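Visitor:
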Amino acid sequence: MKYLTNHPITWLTVVALILATLFGHFWVWGSLFLWWAYTSFIAGEAFIGEIVNIRENPPLFWTVTVMWFFLGAYYVVQDLAWRLFGIYFDISQLVGVNPYGF
């Protein structure tokens, strides 16, 4: 039981992400990606499989951080545009490629 009382914010985040996934609210995931981008920018470290430090590998650090920012923004905009305005778009419309073949 002690594991549930340690790191309560992390446990609440995990529960929120599970519920968001079950109910199809992907803007929550987008918010998490934006938070990761922000914290990695502030800390100078990103984590994607291993810790990437800005001093040791700047191109990889910035690739990961920018990727998280754009993924987060994409999830938030896509999900909220659908929920608030009924507008649906996906990345294939932006790049002109349809991965599903139709």
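Under the working numbering, the residue at position 39 of the sequence shown is numbered 40, and the numbers go up by one with no gaps.
Even glycine gets a Cβ: it sits at the ideal position worked out from N, Cα and C.
Please read all numbers here as calculations on a predicted model, not as lab measurements.
1. Kindly indicate the opening and closing residues of the beta strand (DSSP E) around ILE52.
2. Would you report the Cα separation of GLY25 and ARG84, rounded to the nearest angstrom?
3. What separation, rounded to the nearest whole angstrom, lies between the Cα atoms of LEU139 and TYR75?
4. Measuring alpha carbon to alpha carbon, tell me which of THR22, VAL65, HIS8 and SER32 ends up nearest SER41.
5. Taking TRP63 as the reference, which of GLY87, ILE43, ALA17 and TRP28 has the closest Cα?
Guide: Walking through what the data contain:
1. Start and end: 52-54.
2. Approximately 11 Å between the Cα atoms of the pair.
3. This structure does not reach residue 139, given that the chain is present from 2 up to 103, and the question cannot be answered.
4. Per the C-alpha coordinates, the member of THR22, VAL65, HIS8 and SER32 positioned closest to SER41 is VAL65.
5. Among GLY87, ILE43, ALA17 and TRP28, the Cα nearest to that of TRP63 is on ILE43.
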